[in-house]
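Read the structure below first, then the notes.
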Amino acid sequence: MIDRATVDRIIDAAQIVDVVSDFVTLSKAGVNYKGLCPFHDDRTPSFVVSPSKGLCKCFACGKGGNAVHFIMEHEQLSYPDALRYLAKKYNIEIKERELSDEEKQAQSERESMFIVNEWACQFFQDQLSNTVDGRAIGMAYFRSRGFRDDIIKKFCLGFSPTQRDALAKEAKNKGYKESYLLSTGLCYKRENGQLQDRFFGRVIFPVHTLSGKVVAFGGRVLDAATKGVSVKYQNSPESSIYSKKKELYGLFQAKQAIVKQDLCFLVEGYTDVISMHQMGVENVVSSSGTALTTDQIRMIHRFTDNITVLYDGDAAGIKASERGIDMLLAEGMNVKLLLLPDGDDPDSFARKHNATEYQAYLNDHQTDFIKFKTDLLLKEAQGDPIKLSRLINSIVHSISVIPDEITRSVYVKQSALMLGLEERTLAIAIAKEITKAKEEKQKQKEREQNGAIRNEETPPSIPVPDIHHIPQDTAVPFPVTEDIPPLSENDIPSAHPDVAPITSADIPVEPQVSTENTYLPQQQTNDMAFYRKELLLIQMVIRHGEKVMCYTEDEKPLSVAEYIHYALKEDDIKLHTQLHTMILEEAMAHIQEEGFCSERFFLNHSDNRISMLAFELCDDKYQLSKYHSRGQKITSEEERLMELVPHLIDDFKLAIIKEDLKQILLKLRNPAILSHQEEYMKIMKHYKELKDIECILSKERGDRVIS
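The following block contains the structure:
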């Protein structure tokens with residue numbers, strides 16, 4: 006663990022212009038610097054670096070942050086690894102202390118599982134290089150595949166001893182808990198209750214996350230008698246840190262090459278990836294022998310739009326992979342296919358050719374998916390009209406999933422020419438497929454919504470109308486507007502002739518506003534009026550959170566963050582977004598720490614979302630006072646905190662009330678409410694309470710108006 010003092014030294018040393026200049030050519034632009042954004046195809050400089058704030062931001066794609074976040078995004082590293090990268094750049098020694106027993110216990114299960122996996126990976130590597138069996142069995146296998154030492158080290162390949170509990174015993178001796186050996190899948194329990202290694206007697210292929218953490222293992226079986234290799238693999242089971250459908254073998258080692266080449270090769274197995282690296286082709290990943298998933302495709306899409314799928318099977322195997330191709334197309338990828346000769350796979354083909362021949366073959370034999378698919382299926386059809394019809398339908402479906410309309414039209418022209426059909430015929434068939442897919446998607450959405458409605462704990466006697474979709478035959482004749490004027494008691498319709506009008510005497514006034522008992526919609530949006538008021542409160546927390554604003558009755562200092570926290574808690578008010586809640590909670594957690602500076606803390610936060618929000622809210626830090634025009638001195642925010650913060654809190658409460666009142670008026674437009682006496686009385690009582698609170702708060706706010 007990197008301690009806080011070391012983190013601060015790294016952040017202080019890392020000059021944003023210096024760090025970004027390693028990857029982007031910058032030119033002076035006033036007090037800032039500008040350059041082409043490294044995170045998207047930037048044709049005009051939109052990437053701005055501010056040396057005074059220590060931050061950077063692209064005003065086209067929105068990516069940026071401080072020096073640590075820039076390295077995290079550019080190099081695809083975790084926060085600790087980005088700190089280590091910068092520490093190495095500035096020659097800062099990192100002393101990572103051993104965690105105490107209490108800290109080990111406090112660590113999350115997820116982090117503990119990663120620690121155990123990292124230890125196991127080092128254990129397997131040590132067994133491969135430094136034991137007799139490792140060199141005689143494991144290393145002999147890798148040598149038989151032609152793997153060089155640098156490649157073995159690059160992919161952290163290892164060997165698990167033939168003893169069935171070697172890893173389990175060593176792990177226990179090192180103090181690792183049995184529960185984590187089981188949860189990571191490194192071990193399992195036999196019927197007699199004893200721990201057994203999952204990968205005993207196998208060569209090991211660690212699987213890394215995008216940031217380089219060891220998340221799982223693959224173990225290939227070796228025959229101890231003949232040193233022959235069977236094709237059976239043993240893989241880590243699914244766990245809280247590992248989902249096979251979300252990981253791609255080799256992506257950690259390939260990501261930079263993928264970006265540089267703007268192309269990703271997709272293969273099937275571990276050894277295929279490793280062999281291609283030996284041939285100088287590093288932009289390659291593997292789906293580990295499983296069907297390609299949407300999560301895996303989106304991971305690749307972060308680095309490139311272009312993918313070439315390498316097949317090593319026969320036509321039947323290729324046809325079985327058609328679903329994967331369609332999924333790639335549906336995600337907007339540009340797909341090419343490549344079939345290796347004589348049934349070779351990338352691994353066996355690599356052992357028959359040198360690097361130059363290998364790369365030349367890959368470059369010369371990539372084929373567009375439509376041409377590849379059409380040629381393959383036409384050979385299979387061989388004039389059979391039924392098979393030809395299936396071929397056309399298959400191609401139509403593949404084209405229909407492509408999201409870009411222009412790309413679809415290009416493929417329609419190409420396919421029509423190859424199949425000898427009219428473009429119009431194909432276009433109509435594709436349009437039908439698209440319509441069918443949309444209808445199915447809508448049906449699925451309705452099924453999910455109906456299921457969600459059935460699960461809601463809503464009293465059956467009270468209707469829950471959707472104010473955004475009021476049927477035309479039930480809607481009242483006046484339009485819904487953004488700003489609805491408040492109703493007086495005379496404007497509100499009676500629910501029933503027998504219902505007496507509500508007066509002030511009927512409702513006890515308690516001037517508290519709460520977001521617990523409210524008619525605000527569950528799915529709140531940032532365009533609601535009170536969101537802007539909430540943002541101003543968070544701005545105060547970030548800029549001045551640790552500053553003393555006032556003193557309590559017993560003379561204890563009260564900071565800005567504490568004042569806002571207690572003021573909201575007093576009325577049970579919750580913030581609008583989770584990010585704002587996180588900021589206030591973290592400010593409260595650190596407010597008593599010596600030397601804590603809220604602005605510095607949030608500008609350099611490990612969560613880039615918080616850092617970027619702090620960046621936005623720390624602009625225009627000083628405002629002119631109302632006396633500036635008279636030649637008086639400029640008054641800063643910090644000097645007016647006791648005046649500003651309570652005013653902003655009142656503004657926030659008022660904005661919530663006004664939004665709640667607006668939602669009540671919208672709700673009262675539903676005739677079902679008017680005919681339901683009990684529900685009507687409940688809503689009207691709440692409306693009256695809010696109007697009285699609004700009046701009180703408005704009066705208090707008016708006594709403290711700041712021009």
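Residue numbers for the sequence shown follow the working numbering, beginning at 6 and rising by one. Glycine included, C-beta positions come from ideal geometry on N, C-alpha and C.
Measure the C-alpha to C-alpha separation of residue i and residue j and round it to an integer number of angstroms.
| i | j | result |
| --- | --- | --- |
| residue 200 | residue 188 | 13 Å |
| residue 591 | residue 697 | 35 Å |
| residue 13 | residue 611 | 12 Å |
| residue 174 | residue 141 | 22 Å |
| residue 186 | residue 335 | 39 Å |
| residue 551 | residue 545 | 10 Å |
| residue 241 | residue 264 | 29 Å |
| residue 7 | residue 99 | 7 Å |
| residue 543 | residue 575 | 18 Å |
| residue 381 | residue 346 | 15 Å |
| residue 538 | residue 444 | 41 Å |
| residue 477 | residue 447 | Any reading at residue 477 is ruled out, since the residue's pLDDT is 32, under 50, leaving its predicted position unreliable. |
| residue 91 | residue 19 | 7 Å |
| residue 308 | residue 371 | 20 Å |
| residue 535 | residue 605 | 27 Å |
| residue 16 | residue 284 | 40 Å |
| residue 260 | residue 197 | 45 Å |
| residue 367 | residue 375 | 18 Å |
| residue 405 | residue 434 | 9 Å |
| residue 669 | residue 328 | 49 Å |
| residue 675 | residue 450 | 25 Å |
Please state whether the Cβ-Cβ distance between residue i and residue j is less than 9 Å.
| i | j | result |
| --- | --- | --- |
| residue 163 | residue 209 | yes |
| residue 421 | residue 428 | yes |
| residue 220 | residue 252 | yes |
| residue 125 | residue 176 | yes |
| residue 1 | residue 11 | Lying outside 6 to 712, the shown extent of the chain, residue 1 is not represented and no answer is given. |
| residue 342 | residue 330 | yes |
| residue 4 | residue 217 | The chain is shown from 6 up to 712; residue 4 falls before or after that span and cannot be answered. |
| residue 152 | residue 215 | no |
| residue 297 | residue 333 | yes |
| residue 74 | residue 603 | no |
| residue 225 | residue 207 | yes |
| residue 547 | residue 646 | no |
| residue 190 | residue 134 | no |
| residue 613 | residue 70 | yes |
| residue 184 | residue 249 | no |
| residue 554 | residue 571 | no |
| residue 349 | residue 357 | yes |
| residue 394 | residue 378 | no |
| residue 688 | residue 673 | yes |
| residue 68 | residue 608 | no |
Looking at the secondary structure, which residues open and close the beta strand (DSSP E) in which residue i lies?
| i | result |
| --- | --- |
| residue 556 | 553-556 |
| residue 340 | 339-344 |
| residue 290 | 289-291 |
If you follow the alpha helix (DSSP H) that residue i is in, where does it begin and where does it stop?
| i | result |
| --- | --- |
| residue 564 | Run containing residue 564: none in the alpha helix (DSSP H); it sits in the beta strand (DSSP E), 562-564. |
| residue 313 | No alpha helix (DSSP H) contains residue 313, which is instead part of the beta strand (DSSP E) from 311-316. |
| residue 3 | Because residue 3 is not part of the residues shown, which for the chain are 6 to 712, the question remains open. |
| residue 657 | 646-672 |
| residue 3 | For residue 3 there is no data in the structure shown, the boundaries of the chain being 6 and 712. |
| residue 10 | 9-18 |
| residue 299 | 299-306 |
Is there a Cβ from chain D that is less than 9 Å from the Cβ of residue i?
| i | result |
| --- | --- |
| residue 20 | This model lacks chain D altogether, as it is built from one protein chain only. |
In chain order, what residues of the same chain lie with their CB nearer than 7 Å to the CB of residue i, ignoring the 5 residues before and after it?
| i | result |
| --- | --- |
| residue 79 | 28, 43 |
| residue 618 | 584 |
| residue 266 | 288 |
| residue 373 | 341 |
| residue 749 | The question about residue 749 has no answer here: the residues shown for the chain are numbered 6 through 712. |
| residue 438 | 401, 402, 405 |
| residue 227 | 142, 146, 206, 207, 208, 234 |
Apart from the five residues on each side of it in sequence, which residues of its chain come closer than 6 Å, Cβ to Cβ, to residue i?
| i | result |
| --- | --- |
| residue 211 | 126, 161, 219, 222 |
Return the chain-ordered list of same chain residues with a C-beta closer than 8 Å to the C-beta of residue i, the five sequence neighbours on each side being excluded.
| i | result |
| --- | --- |
| residue 22 | 31, 38, 54, 56 |
| residue 305 | 253, 256, 263, 269, 271, 290, 312, 338 |
| residue 666 | 491, 692, 695, 696, 699 |
Task: Secondary structure, beta strand (DSSP E): runs of 3+ residues fully inside the region 120-202 - done: 192-194, 200-202
- [ ] For the region 27-115, list the beta strand (DSSP E) runs that are entirely contained and at least 3 residues long, ordered along the chain.
- [x] 32-34, 37-40, 52-55, 60-63
Open item on the list: What ranges does the alpha helix (DSSP H) occupy inside the region 371-414, keeping only unbroken runs of at least 4 residues that lie completely in it?
Closed with: 374-386, 390-405
- [ ] Please go through the region 205-272 and give each complete beta strand (DSSP E) segment of 3 or more residues, from N-terminal end onward.
- [x] 207-213, 219-227, 234-240, 269-272
Open item on the list: If we require 3 or more residues per run, which beta strand (DSSP E) segments fall completely within the region 560-595?
Closed with: 562-564
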